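Sequence order for the protein chains is A and B. Just so you know, the first sequence maps onto residues 581 to 1009 in the working numbering. Just so you know, the second sequence maps onto residues 3 to 143 in the working numbering. Positions of the beta carbon are idealized from the N, C-alpha and C atoms, including for glycine. In this text, all values refer to a predicted model and were calculated from it rather than measured experimentally. One structure is given below, encoded as C-alpha cells.
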Amino acid sequence: MEGPFFNSVQLDKERCKGCINCIKRCPTQAIRVRNGKAVITKEFCIDCGECIRICPHHAKLAVYDSLEVIKNYEYAVALPAPSLYGQFNNLDDVNIVLRALKEIGFDDVFEVSAAAEIVSATSREYVEAHPEKKPFISSACPSVVRLIRVRFPNLIEHLLPIAAPVDLAAKIARERAIEKTGLPSEKIGIIFISPCPAKVSAAKSPLGLDFTNIDAVVAIKDVYPVLLSHMKNAAQGYEELSFSGKIGVGWGGSGGEAGGLLTDSYLAADGIENVIRVLEDLEDQKFSSLDFIELNACSGGCVGGVLTVENPYVAKAKLKKLRKYLPVAKFHQGDTELHGEYWDTKIEYQPVFKLGSDVKESIALMARVEELCEKFPGLDCGSCGAPTCKALAEDIVRGVARESDCVHLLRQYIHKLSDEISMLDNKKE
Amino acid sequence: MTDTIKLKYIVSPDDFTRAGEASSDVKGKLKKMGIPPEIVRKVAIAMYEGEINMVIHANGGTIDVEITPSEITMVLADTGPGIKDIEQAMQEGFSTAPDNVRSLGFGAGMGLPNMKKYSDEMDIQTQIGVGTTVTMKVYIK
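Structure follows, in C-alpha cells:
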C-alpha cells in the first residue's frame, strides 16, 4: 500500500507552462506555481481531477495502469464501473459491453453495479439501524471522503462506514475466480475500469479499509476505443454476464446511490464546488432533516469523471434509457451469502491546513496573515503563483513564499528604490 | 508574539444570500488555527444564528470576533428595534420573523436558543428603538 497521501493526479513538468489555470481551479488550493512550474502539495490534493480538466497544456495527468496489465496475470477479471455503459451510443443491453470485455482479453467480468446493489441493501439496513447518525453522507466518492478527512472533521462520523461498490466487487470477483480456476490468488488479476483518478488513489491507498482486492486500475477512456471495434461482434453473442438492475446501473450518475436507498429524504449534489457548499452548510447545521446526502466530486456523478469520454449529461441520459427495461435489482442480498462490507479502520481527521504546531502559534501566524492581506492589493491575480492574496499570505507565514513574490509589492519597492536613487543623484549635482 | 487576533465583520441588511459569510470566514480561520473541531462547530453555529438574526430583525450590524488561546469572544451589535421580552425570545419556537422570511426557511424560533446552547457564556444588552448587543463566549478547553 502507498502512503496515506498517495495521489494519482500528477504533473508533467515538460508540458507545464506555469500558467495560473490550475491554481485558480483547484478546490483545496493545493497547487502553486514555483519557478515557472506547477507544484501539487500532496497533503492538500483530493484527486478530484479538476486541474486535469482545466489545464490547456495537458500537463496534469492521472497515473493509472495501461490495458497491457492484463498480461501480468494468468486470469484477469474486469470490473467495469457502471459509468462505462453510458459511453456507448444506442446500447440496449449491458451484456454486449461485458462480452466485448471478454473479447479484448479479460477472462471474466464482474460488474461493479452488481456489488453496488449489495452496498445499497447494506446501506438501507445501516441507515435504519442508526437513526442517531443521520444525516448519512455517502462515502462512495473517494475525493469527497478525502475532502472531509482534511476539511470537515465534524462530519466524519456521518460518513456511511461501508466499503464502496468497487471494493466489494473486487472481493467477490477474487473469491469467485479462485473457486472457478483453483489458481493461487497472486495469479489472478482484478482490474477496475475506472472513470476517475480518485478511484486509482483509493485502490493504491484505501481509506476505511485495511486492504483492497483491486490489483490494477485502467481508464475508461483507454478501454472504450478498444471495445468499440468488438461491440458488433459481441452483439451477436448470447452469454449472459450481467447481474445488475436499475439500482446498480443507476450508481453511475448523480442521484443513483440515493435512489438505491429507497428514501425521498435525500439530496444529491455533484460538482466539487457544490459539494463543498453542501458540506459547509451541513457542518453549520443549516439543514438536518434529511436522511441521506449523496455527494459526487464530478458534475453529473461518476459519468463526469475525468477519465471518461462522453459528455457527462449525455452519458447520464444514456444510462437512464438503458435502465428503463431493467428489473429494480438483480442482485438480492437474500439470494446469496454476500453482504456489504463495513469499514475496518476509522477515518481520522488530518488537519493539513493548520498554520502552526499549536493554537498559540497558529493565532500569531493568523494575525500575521491578516496583516499581510492588508498589504496585498487583493487582486488575486495569481502572478505570485498562489491562487489568492490570502493564500500567498499563508504561504509566507508557513515559510514557503516571500512578500516580494507579489509583483505589485515588488513594483512598489522598485519605485521606492528608484526614487531614492534619483534623490541621491540630485544631491551629487 | 501576538496571542490575540481581532476580526471585524459588517453584516449587510436584508441580504440572505450573503448571510453566513462572516461565520463561514471565522470557521475557516479557526480550522487553520488548529482549534479543536467541536469548538469550531459551536462557534460556527452560534455565530451563524446571530448573523441571520441581524439580517432578519435588525438591518444588519457589526460583528467583532476576538480569538485567544483560551477563548473566542463574539460581539454582535446592531441598531435594530431591540428585543421586547428577552425571556420570551429565548423560548424555542418563539419567533417574530415576518412571513416572507419564514417562507425562506428561517424564523423557526431557534436563533437565540441555539446561540445560548452553543456558547459557553451569553449576554444580551438591548434597548427598544436603540439596538441590541449580544456577547457570546466559547471556551477553548
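Residue i, DSSP secondary structure in three states
| i | result |
| --- | --- |
| T135 of chain B | strand |
| A753 of chain A | helix |
| A46 of chain B | helix |
| E941 of chain A | helix |
| S774 of chain A | strand |
| I684 of chain A | coil |
| L870 of chain A | coil |
| R948 of chain A | helix |
| G36 of chain B | coil |
| R612 of chain A | strand |
| G52 of chain B | helix |
| G836 of chain A | helix |
| Q90 of chain B | helix |
| G109 of chain B | coil |
| Y905 of chain A | coil |
| A695 of chain A | helix |
| I742 of chain A | strand |
| V589 of chain A | strand |
Beta-carbon gap between residue i and residue j smaller than 8 Å
| i | j | result |
| --- | --- | --- |
| A981 of chain A | V949 of chain A | no |
| Y644 of chain A | A799 of chain A | yes |
| S774 of chain A | V806 of chain A | no |
| G685 of chain A | I717 of chain A | no |
| I74 of chain B | V45 of chain B | yes |
| V692 of chain A | P660 of chain A | yes |
| F867 of chain A | Y846 of chain A | no |
| R43 of chain B | E737 of chain A | no |
| C776 of chain A | L887 of chain A | yes |
| G762 of chain A | D795 of chain A | no |
Cross-chain neighbours of residue i in chain B, by beta carbon under 9 Å
| i | result |
| --- | --- |
| L972 of chain A | Going along chain B, no residue has its Cβ under 9 Å from L972 of chain A, so there is no contact; the nearest lies around 15 Å. |
CB contact check: residue i to chain A, cutoff 8 Å
| i | result |
| --- | --- |
| A24 of chain B | no |
| T4 of chain B | yes |
| I7 of chain B | yes |
| P71 of chain B | yes |
| R43 of chain B | yes |
Under 7 Å by beta carbon: chain A residues contacting residue i
| i | result |
| --- | --- |
| I37 of chain B | V939 |
Proximal residues of chain A, C-beta to C-beta of residue i below 8 Å
| i | result |
| --- | --- |
| Y141 of chain B | The contacting residues do not exist; Y141 of chain B stays about 12 Å from chain A at best. |
| A46 of chain B | E863 and D864 |
| K31 of chain B | M946 |
| R104 of chain B | Those within 8 Å of R104 of chain B in chain A number zero; the least Cβ separation is about 16 Å. |
For residue i, the residue or residues it bridges with in DSSP
| i | result |
| --- | --- |
| R729 of chain A | Note: R729 of chain A sits in no beta bridge, so no partner. |
| T75 of chain B | B:E68 and B:K139 |
| R978 of chain A | Paired residue(s): none; R978 of chain A is not in a bridge. |
| N876 of chain A | A:D850 |
| L659 of chain A | A:F772 |
| F791 of chain A | Beta-bridge pairing links F791 of chain A to no other residue. |
| D80 of chain B | B:T134 |
| D125 of chain B | B:T137 |
| G666 of chain A | DSSP lists no partner for G666 of chain A. |
| I1001 of chain A | DSSP, once it has assigned bridges, lists no residue as partnering I1001 of chain A. |
CB contact below 8 Å: residue i versus chain B
| i | result |
| --- | --- |
| E860 of chain A | yes |
| G979 of chain A | no |
| F686 of chain A | no |
| M581 of chain A | Because the pLDDT of M581 of chain A is 48, which lies under 50, any placement of that residue in the model is unreliable, and the question is left without a value. |
| Y929 of chain A | yes |
| K926 of chain A | no |
| N854 of chain A | no |
| E654 of chain A | no |
| I676 of chain A | no |
| E737 of chain A | no |
| S718 of chain A | no |
| I943 of chain A | yes |
| E705 of chain A | no |
| E921 of chain A | no |
| E837 of chain A | no |
Proximal residues of chain B, C-beta to C-beta of residue i below 8 Å
| i | result |
| --- | --- |
| K713 of chain A | The contacting residues do not exist; K713 of chain A stays about 16 Å from chain B at best. |
| L935 of chain A | K34, M35 and G36 |
| E759 of chain A | Chain B residues near E759 of chain A: none, gap ~45 Å exceeds 8 Å. |
| E950 of chain A | I7 and L9 |
Contacts that residue i makes with chain D (C-beta to C-beta distance below 7 Å)
| i | result |
| --- | --- |
| Y50 of chain B | Reference to chain D is not applicable here, since the protein chains of this structure are A and B. |
Residue i: contacting residues in chain B (beta-carbon distance under 7 Å)
| i | result |
| --- | --- |
| P733 of chain A | P39 |
| I626 of chain A | Near I626 of chain A there are no residues of chain B at all, since even the closest Cβ is about 16 Å away, more than 7 Å. |
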